[in-house]
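A quick write-up on the structure given underneath.
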Amino acid sequence: MTHRAKIKHNYLAIFMSFIMIFSSLLINVQPIKAETTTPTIVSAMTDHIGKKITLTFDKDMADPSGSQGLFNVLVNGTSESVTSVTLGSDLKQVVLNMSKPIGYLPTPKVITLNYTRGSVAAVDGSLLESFTNQAVTNNVIYLQMVDFDSTATEIGYDTDTSDPLNPTLKYKYDNKVDYDNVKLAWYLVNGFFNPMVDDLNNHVEFYEKDSGAKVVLPNILTRPNSAATYIDGTTKNQQIVTDWYFWQIQNHAPLGLDLVSQALKPSTTYVIKIDKGFVFNNGLTTTMTYYFEFTTTADSSTKPCWETGSSVTASNVTENSLTLGWPTAQDNHGVTSYNIYKNDVLLTTVDGSTTSYDVSNLSSGTKYKFKVEAVDFANNHSSECLEVSQVTLGTPAAPAVAADDVNNTITGIDTTMEFKVDSAEGYNQYNGSNLPDLSGEHTVLVRVAAAGNNPAGEDTTLRFTTPLTIVSAETDHIGKKITLTFDRSMKDPAGTQDQFTVMAKSITALPPVGGKPKNDYVSAAVPVTSVVLGSDPKQIILSMSKWVSGPITVSYTKGSVEAADEILLESFSSKSVTDNNVTTGEMVAFDSEAAEIGYDTDTSDPLNPKLKFKYDNLIDYDNVQLAWYFYNGFPGTKMDGNVRDYVEFREKDSGEKVVLPNLLIYDGSATYKDGTQQPQRILTDWYFWQIQHYVPLGLNLVSKSLKPSTTYVVEIKKGFQFNNGSSIKKTYSFEFTTTADSSSKPYWTSGSSLVASNVTENSMTLVWPAAQDNHGVTSYNIYKNDTLLTTVDGSTTSYDVSNLSSGTEYKFKVEAVDFANNHSSECLEVTQVTPTAPTAPPAPIVTNDDTANTVLGMTAGMEYSLDGAGYVAYDADTFSAIDFSGNHTLFVRVAAEGANPAGDVTTLTFTANEPTIVNVTGITLDKTNATVQLGKNITLTVTVLPDNATNKNVTWSSSNSDVATVDQTGKVTAVKEGKATITATTEDGNITKQCEVTVIIDECFIATAAYGSKFQPSVQLLRHFRDDYLLTNNIGSAFVKFYYKNSPPIANFIAHNEVLKTTVRAFLTPFVAAVYGLYHPIVACMALVLICMLVLVKRKYKFHNKL
1 MTHRAKIKHN YLAIFMSFIM IFSSLLINVQ PIKAETTTPT IVSAMTDHIG
51 KKITLTFDKD MADPSGSQGL FNVLVNGTSE SVTSVTLGSD LKQVVLNMSK
101 PIGYLPTPKV ITLNYTRGSV AAVDGSLLES FTNQAVTNNV IYLQMVDFDS
151 TATEIGYDTD TSDPLNPTLK YKYDNKVDYD NVKLAWYLVN GFFNPMVDDL
201 NNHVEFYEKD SGAKVVLPNI LTRPNSAATY IDGTTKNQQI VTDWYFWQIQ
251 NHAPLGLDLV SQALKPSTTY VIKIDKGFVF NNGLTTTMTY YFEFTTTADS
301 STKPCWETGS SVTASNVTEN SLTLGWPTAQ DNHGVTSYNI YKNDVLLTTV
351 DGSTTSYDVS NLSSGTKYKF KVEAVDFANN HSSECLEVSQ VTLGTPAAPA
401 VAADDVNNTI TGIDTTMEFK VDSAEGYNQY NGSNLPDLSG EHTVLVRVAA
451 AGNNPAGEDT TLRFTTPLTI VSAETDHIGK KITLTFDRSM KDPAGTQDQF
501 TVMAKSITAL PPVGGKPKND YVSAAVPVTS VVLGSDPKQI ILSMSKWVSG
551 PITVSYTKGS VEAADEILLE SFSSKSVTDN NVTTGEMVAF DSEAAEIGYD
601 TDTSDPLNPK LKFKYDNLID YDNVQLAWYF YNGFPGTKMD GNVRDYVEFR
651 EKDSGEKVVL PNLLIYDGSA TYKDGTQQPQ RILTDWYFWQ IQHYVPLGLN
701 LVSKSLKPST TYVVEIKKGF QFNNGSSIKK TYSFEFTTTA DSSSKPYWTS
751 GSSLVASNVT ENSMTLVWPA AQDNHGVTSY NIYKNDTLLT TVDGSTTSYD
801 VSNLSSGTEY KFKVEAVDFA NNHSSECLEV TQVTPTAPTA PPAPIVTNDD
851 TANTVLGMTA GMEYSLDGAG YVAYDADTFS AIDFSGNHTL FVRVAAEGAN
901 PAGDVTTLTF TANEPTIVNV TGITLDKTNA TVQLGKNITL TVTVLPDNAT
951 NKNVTWSSSN SDVATVDQTG KVTAVKEGKA TITATTEDGN ITKQCEVTVI
1001 IDECFIATAA YGSKFQPSVQ LLRHFRDDYL LTNNIGSAFV KFYYKNSPPI
1051 ANFIAHNEVL KTTVRAFLTP FVAAVYGLYH PIVACMALVL ICMLVLVKRK
1101 YKFHNKL
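Structure representation (structure tokens):
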């Protein structure tokens, strides 16, 4: 070793030594235990009534229950008792409950606390050390409530800021109160006022805390204030108001609640509020409001009960009746009812004052069990019932007993019964332990023994047999079913699969689960999917969820599997099963359940048998989907030859082959059910997946359907080639029977409907959605009013219906049909009414009037055609102007409106008739003389007689057209001053009538001369009088005529003489005034009255002058 190497070696040794020393130090170092500190009091204080002292610590405390003897409370130096110590709602608090309130008077107390070290500790385990003279804050205030029963925690002290001396004090009772035994008391400083009903009604509230619902108590005075013995033995005044009681005691008067009128609800919080204003006996009132909150129990400890030794008895027993009797049950508020049960079923309920009941309608010789249950007003039921068993008179019925083959005993037997085993001579009374050894084959008779007047009852026969035994257990030749053979016939075991457990090797994944299985077999529990009775009644068959191979065991948990003789199969475990599976390496599975029906060994080749299976369930003849799974993948193109040469499909009974087209539909890859891409080949009705170890050969019949209720055979023969070039060495035959009806009928999706469109008077179009079917719809049947109308192909979804009647309701149905001739279970239906065809209105009722040459009955909405011209809409004015005289033909009908055509025609014929001529016999004029002012006119009225004269035409003429003219309507016009004769002449008979007309100038000659102008108002007034009064009658007209003839010279003379003008005006003034009064009568009357008054005044004045 070199010098350098030695140095390195020494350094390494020193380093390792250092490591070893440091490690030993670490190993020997002990963990330092954390020191804990003793709990320290942070504060100590009383509540406001002095019943609790709360100690607050600096850490969470453990439960101090039972430590009250360790504490000593001194009040003004005097020791006061602590009744209990509890943990506060805050875990840092410990609460001391005092035996009595500390009190406020006579002066506020000084409170100190001592503690002797003991069990009081913090949560961390540190003990509270002893202490003395711990000051306690005294929060006691002067209260009119000096105490209350039980323990309660102060939960609120609310000072009213407007009246700080009258706070609200709230307490919550620590313990729950029995909802059926509410007894509470509060002590106040003065005796209560008598009576207390008003106090309770006005100053005490009792309600549920959460809902606010009031507890309504009757508050009826049931005991007036009277002397009674108080709890201390003294006599005090007491008063009871239903549920409340009071003792009139100075300085310690109890207000008590003893709820007797009703029970409270379980598990409910209530509040009792004693409001300020509560009146005391001395007239004073409470000045503070007190709240006391308590929660009721979930269950009551005061249920009804019976005294020890109580019983219910059965008396007056007959064949069909008896009387039950029982003592009165005890309850704090009394029993309200009793429930009576017969054989554990409620028979009846009687009221709480009843203690007997007559039971009838019983069976003779029958044992009955009766129970009586007491119920109180809180609906509490007695914890125990009084019971009695009684046999009615008569022969008892056979008892309900059973044989226990496992334990070789009898269940249900009791000491009222007797038994006889096999051929024993007599019965033995059962005493509870005298049954003989019943193992093996035995017959035992059991009956109710004779008792009293009752004879022995009828027998129950019990048979003890040897246990049910499995003779053999083996699989079928494909490992899908296990057959258990027993030593006797079995009952149907359907539904018992969960009672069996099979342990075997199986493929890890099967077709229904999805995915490709691996070529590994593991031993595990294989679910049993069903259990059925075999063709041999001694066999039951377990169907497996997977194909299994050995080793195989089966276990059973006792349940409902039993033999025909009603012996139940006992539990067993790990029963070995013979493995007969001969398909390993070829067929690994097939879908659905199938029973092996044959295993025929070919004697020339005993290793290649034929396996025959029959599917358990019927196959839908229109939805044939089967699959068989082989161990090796199929070669792609060779599958056509495989199906052609090695697969046979035939009817079983007739042997007729099912010929399928086997046309190549698809050859490629597709998504397999495990989500992977795999080679797939489809030959019309067959499909193949090329998957190693797990190749499905599937039949999905799409080219045709099978016959209903027919048995078919699919045979896969040996020689069927695998992908690896090998072929199967066995022939597999699969038999199945088709259903009588198909579950894959055509159908429509929800909400589909048949619609009628393009509806006319005699046609419409039906439209429907395509129906669904597993192989497609081949046709649709269309029904009209439930009768087949036509059939259309499956690609058609509409149909035009014609030759319908207008205004008629039709019901149409469409039914889908598939290629198996399955008809859809439901049809699409529609009901449609065709429109009513417009009808021509009837011919109108109109008539012609030849005499009046008109038509009667024409109304709006009609149209007419005259003499073959086009139709014209009726219009009253236009129609009335038509001249129907002569020969005419008129066609009248109701005009077309909307879709309604024009109506039928009424034809009217007018014929020209020879008129009856009535000759004119006379003529009259309304005037024979007339005066007309120059430039004006009048109309003369002519009357032709008789009224019905045929020709009433008249011609007019004037004798002097220079003076007056006349037109053919009789209108006369004044042309110049003078006279003319107007003549009216009839065309018929030339009869004439004349009127003499005088034309005058429009002036009042004398008045005009007197007043100087014809426009002077007085002159104009006189002309109005002439026109309105004089010229309207013959006398006046004559006067005017005379005046106009003779007055012009006189007027001319007056006009040139002023004296005469004045004289004539004076003469005319009264006349003008009279005419004015004629036109203005009111003014005239007033003037007349005024004149009269003036006359009277004047005459009076003259009379006075005379005096």
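For what it's worth, full-length UniProt numbering labels the leading residue of the sequence shown as 1, then goes sequentially.
Each residue gets a CB set at the ideal place from its N, CA and C atoms; glycine is no exception.
Note that this is a predicted model, so its numbers are computed, not measured.
Can you tell me the Cα-Cα spacing of Lys481 and Val531, whole angstroms?
Numbered from 1 along the sequence shown, position 481 holds the residue referred to as residue 481. Numbered from 1 along the sequence shown, position 531 holds the residue referred to as residue 531. One C-alpha to the other measures close to 10 angstroms.
Residues in the same chain with beta-carbon distance under 7 angstroms from Val513, minus the five sequence neighbours each way, listed in chain order, please.
Residue 513 sits at position 513 when you count from the first residue of the sequence shown. Annotation note: pLDDT 34 at Val513 (below 50); position unreliable, coordinate value reported separately. Around Val513: no qualifying Cβ.
With DSSP collapsed to three states, give me the class of Glu1058.
For the purposes of this step, residue 1058 is taken as the residue at position 1058 of the sequence shown. Looking at Glu1058 - three-state DSSP - the assignment turns out to be helix.
With a floor of 3 residues, list each beta strand (DSSP E) that falls wholly inside the stretch 910-934, ordered by position along the chain.
Complete beta strand (DSSP E) runs here, min 3: 922-925 and 929-933.
Across the stretch 339-348 and the stretch 361-369, are there enough close Cβ pairs to call them in contact, namely three or more that are closer than 8 angstroms?
Touching, yes, given that three or more Cβ pairs across the two stretches are closer than 8 angstroms.
Could you check which residue in Lys59, Val110 and Lys172 has the C-alpha nearest to that of Gly125?
Indexing the sequence shown from 1 puts residue 125 at position 125. It is Lys59 whose Cα lies nearest to the Cα of Gly125.
Straight-line CA distance for Trp689 to Phe722?
Residue numbering aside, residue 689 sits at position 689 when the sequence shown is read from its first letter. Residue numbering aside, residue 722 sits at position 722 when the sequence shown is read from its first letter. Straight-line Cα distance between these residues: approximately 12 angstroms.
Tell me whether the stretch 759-767 and the stretch 675-683 touch, counting them as touching only if at least three CB pairs, one residue from each stretch, are closer than 8 angstroms.
Not touching, per the Cβ criterion.
Please list, in chain order, all residues of the same chain as Asn960 whose beta carbon is under 6 angstroms from its beta carbon, the five residues on each side excluded.
What you label residue 960 is simply residue 960 of the sequence shown in a count that begins at 1. Closer than 6 angstroms at Cβ, skipping near neighbours: Ala980.
Using only the alpha-carbon positions, how far apart do Arg1026 and Val1040 sit?
Here residue 1026 refers to the residue found at position 1026 of the sequence shown. Here residue 1040 refers to the residue found at position 1040 of the sequence shown. The alpha-carbon atoms of Arg1026 and Val1040 are separated by roughly 8 angstroms.
Determine the DSSP secondary structure at Lys516, reduced to helix, strand or coil.
On the sequence shown, position 516 is the one that residue 516 refers to. Bear in mind that the predicted position of Lys516 carries a pLDDT of just 39, short of 50, making it unreliable; the figure below should be weighed with that in mind. Note: Lys516 maps to coil in three-state DSSP.
Alpha carbon to alpha carbon, what distance is there between Asp405 and Leu386?
In the sequence shown, the residue the question calls residue 386 occupies position 386. In the sequence shown, the residue the question calls residue 405 occupies position 405. Going from the Cα of Leu386 to the Cα of Asp405 covers about 35 angstroms.
Is Pro511 helix, strand or coil by DSSP?
Numbered from 1 along the sequence shown, position 511 holds the residue referred to as residue 511. Note that Pro511 has pLDDT 41, beneath the 50 cutoff, so the model's placement of it is unreliable and no number is given.
Is the beta carbon of Lys745 closer than 8 angstroms to that of Tyr783?
Residue mapping note: residue 783 aligns to position 783 of the sequence shown, counting from 1. Residue mapping note: residue 745 aligns to position 745 of the sequence shown, counting from 1. Cβ distance not < 8 angstroms, so Tyr783 and Lys745 don't count as in contact.
Could you check which residue in Asp90, Leu255, Tyr270 and Ser119 has the C-alpha nearest to that of Tyr171?
Taking the first residue of the sequence shown as position 1, residue 171 is located at position 171. Of the listed residues, the one whose Cα sits closest to Tyr171 is Tyr270.
Quick one: what does DSSP say Gly668 is sitting in, helix, strand or coil?
Here residue 668 refers to the residue found at position 668 when the sequence shown is read from its first residue. In this structure, Gly668 counts as strand in the three-state DSSP scheme.
Of all the CB atoms in chain C, is at least one closer than 8 angstroms to the CB of Asn642?
Chain labels in this structure do not include chain C; a single protein chain is all it has.
For Lys1098 and Gln1020, I'd like the C-alpha separation in whole angstroms.
To locate residue 1098, count along the sequence shown from 1; it is residue 1098. To locate residue 1020, count along the sequence shown from 1; it is residue 1020. If I take the Cα positions, the gap works out to 35 angstroms.
Could you name each continuous alpha helix (DSSP H) segment of 4 residues or more that falls completely within the stretch 1030-1096, going from the start of the chain to the end?
Fully enclosed alpha helix (DSSP H) runs of 4 or longer: 1034-1055 and 1058-1079.
Please state if the CB of Ile716 and the CB of Tyr646 are separated by a distance shorter than 8 angstroms.
As a first step, residue 646 must be located in the sequence shown, where it is residue number 646. As a first step, residue 716 must be located in the sequence shown, where it is residue number 716. Going by C-beta atoms, Tyr646 is nearer than 8 angstroms to Ile716.
Going along the chain, which residues of its own chain have a beta-carbon closer than 7 angstroms to the beta-carbon of Gly455, five neighbours each way excluded?
Along the sequence shown, one-based indexing puts residue 455 at 455. Note on identity: in this sequence residue 455 is Pro, with Gly being the wrong assignment. Cβ neighbours of Pro455 beyond the five flanking positions: Thr395.
Rounded to whole angstroms, what is the Cα-Cα separation between Thr411 and Ser439?
Reading the sequence shown from its first residue, position 411 is the one you call residue 411. Reading the sequence shown from its first residue, position 439 is the one you call residue 439. Thr411 and Ser439: Cα-Cα distance of roughly 15 angstroms.
Helix or strand or just coil, what does DSSP make of Asn202?
In the sequence shown, the residue the question calls residue 202 occupies position 202. Helix at Asn202.
Mark residue 1108 as exposed unless 16 or more other C-beta atoms lie within 10 angstroms of its C-beta, in which case mark it buried.
Outside the displayed range of the chain (1 to 1107) lies residue 1108, so it cannot be described from this structure.
Work out the CA separation of Ala984 and Lys993 for me, nearest whole Å.
Translated into positions along the sequence shown, residue 993 becomes position 993. Translated into positions along the sequence shown, residue 984 becomes position 984. Each residue's alpha carbon lies about 5 angstroms from the other.
Going by CA-CA distance only, name the one from Thr485, Thr46 and Tyr115 that's closest to Ile141.
Taking the sequence shown and counting its residues from 1, one reaches residue 141 at position 141. When each option's Cα is compared against that of Ile141, the closest is Thr46.
Does the Cβ-Cβ distance between Leu804 and Thr834 come in under 8 angstroms?
Residue 804 sits at position 804 when you count from the first residue of the sequence shown. Residue 834 sits at position 834 when you count from the first residue of the sequence shown. Against a cut-off of 8 angstroms, the Cβ pair of Thr834 and Leu804 comes out as a contact.
What does the Cβ neighbour count give for Leu284, buried or exposed, with the cut at 16 atoms within 10 Å?
Numbered from 1 along the sequence shown, position 284 holds the residue referred to as residue 284. Counting Cβ neighbours within 10 Å, Leu284 comes out exposed, since fewer than 16 surround it.
Express the C-alpha separation of Asp793 and Lys707 in angstroms, rounding to a whole number.
Residue mapping note: residue 707 aligns to position 707 of the sequence shown, counting from 1. Residue mapping note: residue 793 aligns to position 793 of the sequence shown, counting from 1. In a straight line, the C-alpha of Lys707 is about 22 angstroms away from that of Asp793.
State the DSSP-derived secondary structure class of Leu484, mapped to helix, strand or coil.
Along the sequence shown, read from residue 1 onward, the residue named residue 484 stands at position 484. In the structure shown, Leu484 sits in a strand (DSSP, three-state: E or B).
Output the distance between the C-alpha atoms of Ser99 and Thr153, rounded to the nearest integer angstrom.
Within the sequence shown, the letter at position 99 stands for residue 99. Within the sequence shown, the letter at position 153 stands for residue 153. Ser99 and Thr153: Cα-Cα distance of roughly 14 angstroms.
By DSSP, does Lys652 sit in helix, in strand, or in coil?
Within the sequence shown, residue 652 is the residue found at index 652, counting from 1. Coil, per DSSP.
Starting from Pro1017, follow the alpha helix (DSSP H) in both directions and report where the run begins and ends.
Within the sequence shown, residue 1017 is the residue found at index 1017, counting from 1. Counting along the chain, the alpha helix (DSSP H) containing Pro1017 begins and ends at Pro1017 to Phe1025.
If the criterion is Cβ atoms closer than 8 angstroms, does the pair Val73 and Val85 meet it?
Translated into the one-based positions of the sequence shown, residue 73 becomes position 73. Translated into the one-based positions of the sequence shown, residue 85 becomes position 85. Cβ atoms of Val73 and Val85: not closer than 8 angstroms.
According to DSSP, simplified to helix, strand and coil, what is Thr851?
Within the sequence shown, numbered from 1, the residue matching residue 851 stands at position 851. Reduced to three states, the DSSP call for Thr851 is coil.
Check this for me: beta carbons of residue 1108 and Val561, under 8 angstroms apart or not?
There is no way to answer for residue 1108, as the model of the chain reaches only from 1 to 1107.
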